[in-house]
């Protein structure tokens, strides 16, 4: 390494797409057979030597199921490859519930789905924290959280010591998702945290990435690397509606990278034809048959840093990213800095309560509401 290079800081950051369980897909060993899965996961791996602000990124695609043991094996594998950060798509555990977009609500299906979801007080969640601690890497985990009888689309950012440094819930589930998922409270407006070597890592779920006010607030937290966690979207070429297509998802992710400006790790699920029936999608308008895999990394100038791949292809993609490119992009347009007019336009952000009131649950036990349990996650 030359003398000049040693003045820079290099990170290696793969973003992985994981083809896992079926597209709704969760691991329901006692309820449903294990399907040969298809989902796509983004792994952001930051590794490497302390040399000024370079990141090496990759997109990795593999095939397994969507339970906590698979999650832990990914964390372990990423660490073995020198990773420092892993980012997962929306609802990786137990998997995105494509069935919610079918014509009729299915209480039997969603009762099973809720049982397969993840509580932050569960032994499964604790094992993921332990795996993160053992691996010594950072994790952005997208999962369906169950709290009492309510489910949420949640994201936890877990430090390399296994500490939950940020936990949030999707503030507004989209469309039919609102029939099964609750809304995140004001705590969930904190969307970013300082990660390894001071890099600011942020995360939003799915269509949170198209909410202008939320995006502005997200940028104001200084995000440098943004994990955009997405579900499955089919392509327009295969008959998907443009607004819920992989074309839409990639456009949103790329635009966010330029608007931030920031690096965006876009992570999605994949669907295989054999899993559509298992999702309960046959005979419904929402019956995409394949694809959906569009994991990629975008630079702050909107350039895709990973080569295009087939939407169903399992592959590892790499790209080098330099954090100084954010500074360069912001010379022209910093939407929360010199390229804003706070004297003319401003955003009100609700402040979460500092002392959330306890509540008594239906089982008679005292607990705390909403996200006030966060300080308890690593006790």
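Numbering (my numbering), first residue to last: 2 to 380. Heads up, the beta-carbon is just placed ideally off N, CA and C, and yes, glycines get one too.
message: For residue 98 and residue 256, I'd like the C-alpha separation in whole angstroms.
response: Counting from one through the chain shown, the residue named residue 98 turns up at place 97. Counting from one through the chain shown, the residue named residue 256 turns up at place 255. Computed Cα separation, rounded: 27 Å.
Less than 9 Å between the C-beta atoms of residue 183 and residue 152, yes or no?
Start at 1 with the first residue of the chain shown, and residue 183 comes out as number 182. Start at 1 with the first residue of the chain shown, and residue 152 comes out as number 151. Contact: yes.
### Message
Can you check which of these residues, 121, 146, 162, 189, is closest to residue 140 by C-alpha distance?
### Response
Numbered from its first residue, the chain shown carries residue 140 at position 139. For the residues 121, 146, 162, 189, the minimum Cα distance to residue 140 belongs to 162.
query = By DSSP, does residue 265 sit in helix, in strand, or in coil?
reply = Along the chain shown, one-based indexing puts residue 265 at 264. Strand, per DSSP.
> Do residue 86 and residue 226 have their CB atoms nearer than 9 Å?
Replying inline: Against the chain shown, residue 86 aligns to sequence position 85. Against the chain shown, residue 226 aligns to sequence position 225. Contact: yes.
Exercise. Mind checking which residues open and close the alpha helix (DSSP H) that includes residue 255?
Key: The residue given as residue 255 occupies position 254 in the chain shown. Element bounds for residue 255: 247 to 260.
- Task: Could you have a look at residue 190 and say whether DSSP puts it in helix, strand or coil?
- Result: Residue 190 sits at position 189 when you count from the first residue of the chain shown. DSSP places residue 190 in helix when its eight states are reduced to three.
Measuring only the C-alpha atoms, how far is residue 180 from residue 104? Against the chain shown, residue 180 aligns to sequence position 179. Against the chain shown, residue 104 aligns to sequence position 103. For residue 180 and residue 104, the distance between alpha carbons rounds to 13 Å.
### Task
Pick helix, strand or coil for residue 217, following the three-state DSSP scheme.
In the chain shown, residue 217 corresponds to position 216, counting from 1. Three-state result, residue 217: helix.
When the Cβ atoms of the segment 259 to 268 are set against those of the segment 234 to 244, are three or more pairs found closer than 8 Å? These segments do not touch.
>> What does the alpha-carbon distance come out to for the pair residue 128 and residue 69?
In response: Here residue 128 is taken as the residue at index 127 of the chain shown, counted from 1. Here residue 69 is taken as the residue at index 68 of the chain shown, counted from 1. Those two C-alpha atoms are separated by around 8 Å.
For residue 307, count neighbouring Cβ atoms within 10 angstroms of its own Cβ and tell me buried if that reaches 16, exposed if not.
The residue given as residue 307 occupies position 306 in the chain shown. With 16 or more neighbouring CB atoms inside 10 Å of its own CB, residue 307 falls in the buried class.
Problem - For residue 310 and residue 218, believed in contact at Cβ under 8 Å, the rounded distance - result: Numbered from its first residue, the chain shown carries residue 218 at position 217. Numbered from its first residue, the chain shown carries residue 310 at position 309. Rounded to whole angstroms, the Cβ separation of residue 218 and residue 310 is 33 Å, and the two are not in contact under 8 Å.
Note to self: Below 8 Å on the Cβ atoms is my contact criterion, and I expect residue 190 with residue 146 to pass it. Report the Cβ-Cβ distance as a whole number of Å.
What the structure shows: Taking the chain shown and counting its residues from 1, the one referred to as residue 190 is at position 189. Taking the chain shown and counting its residues from 1, the one referred to as residue 146 is at position 145. Incorrect: roughly 17 Å between the Cβ atoms, too far for contact.
- [ ] Have a look at the DSSP bridge pairing and note the partners of residue 148.
- [x] By 1-based counting over the chain shown, the position of residue 148 is 147. Beta-bridge annotation (DSSP): residue 148 is paired with 151.
(message) Here's the rule: buried if 16 or more other CB atoms are within 10 angstroms of the residue's CB, otherwise exposed. What is residue 124?
(response) In the chain shown, counting from the first residue as 1, residue 124 sits at position 123. Classification of residue 124: exposed, given that the 10 Å Cβ count is below 16.
Checklist entry - In the DSSP assignment, what residue or residues form a beta bridge with residue 141? => result Counted from its first residue, the chain shown places residue 141 at position 140. In the DSSP assignment, residue 141 is bridged to 88, 158.
| said: I need the DSSP call for residue 34, collapsed to helix, strand or coil. | reply: Here residue 34 refers to the residue found at position 33 of the chain shown. Note that residue 34 has pLDDT 28, beneath the 50 cutoff, so the model's placement of it is unreliable and no number is given.
**Prompt:** Alpha carbon to alpha carbon, how far is residue 223 from residue 109?
**Reply:** For the purposes of this step, residue 223 is identified with residue 222 of the chain shown, where counting begins at 1. For the purposes of this step, residue 109 is identified with residue 108 of the chain shown, where counting begins at 1. Looking at the two C-alpha atoms, the distance is approximately 43 Å.
Terminal residues of the beta strand (DSSP E) in which residue 230 lies:
In the chain shown, the residue the question calls residue 230 occupies position 229. In the DSSP assignment, residue 230 falls within the unbroken beta strand (DSSP E) covering 226 to 230.
Self-check item: Inter-residue CB distance, residue 250 and residue 231 (contact presumed, cutoff 8 Å)
Solution: Translated into positions along the chain shown, residue 250 becomes position 249. Translated into positions along the chain shown, residue 231 becomes position 230. Rounded, the Cβ-Cβ distance is 5 Å, consistent with contact.
Return yes when the Cβ of residue 90 is within less than 9 Å of the Cβ of residue 270, no when it is not. Within the chain shown, numbered from 1, the residue matching residue 270 stands at position 269. Within the chain shown, numbered from 1, the residue matching residue 90 stands at position 89. Yes, the pair counts as a contact, with Cβ atoms nearer than the cut-off.
Notebook entry, point to check: If residue 160 sits next to residue 142, beta carbons under 8 Å apart, how far is it from one beta carbon to the other, in whole angstroms?
Noted result: The sequence position of residue 160 within the chain shown is 159, counting from 1. The sequence position of residue 142 within the chain shown is 141, counting from 1. In fact, because the Cβ distance is near 12 Å, the residues do not count as touching under 8 Å.
* C-alpha distance - residue 154 paired with residue 339, whole-angstrom precision -> By 1-based counting over the chain shown, the position of residue 154 is 153. By 1-based counting over the chain shown, the position of residue 339 is 338. Going from the Cα of residue 154 to the Cα of residue 339 covers about 34 Å.
- Message: Suppose you measure from the CA of residue 121 to the CA of residue 247; what does that come to, to the nearest Å?
- Response: In the chain shown, counting from the first residue as 1, residue 121 sits at position 120. In the chain shown, counting from the first residue as 1, residue 247 sits at position 246. Between residue 121 and residue 247, the C-alpha separation is close to 31 Å.
Cβ neighbour criterion (16 or more within 10 Å) applied to residue 167 | In the chain shown, residue 167 corresponds to position 166, counting from 1. Flag for residue 167 reads buried.
**Asked** For residue 297, does the three-state DSSP call read helix, strand or coil?
**Response** Within the chain shown, residue 297 is the residue found at index 296, counting from 1. The three-state reading of DSSP puts residue 297 in strand, counting E and B together.
Starting from residue 167, follow its DSSP beta bridges and name the residues at the other end.
What you label residue 167 is simply residue 166 of the chain shown in a count that begins at 1. As computed with DSSP, residue 167 is found in a beta bridge with 158.
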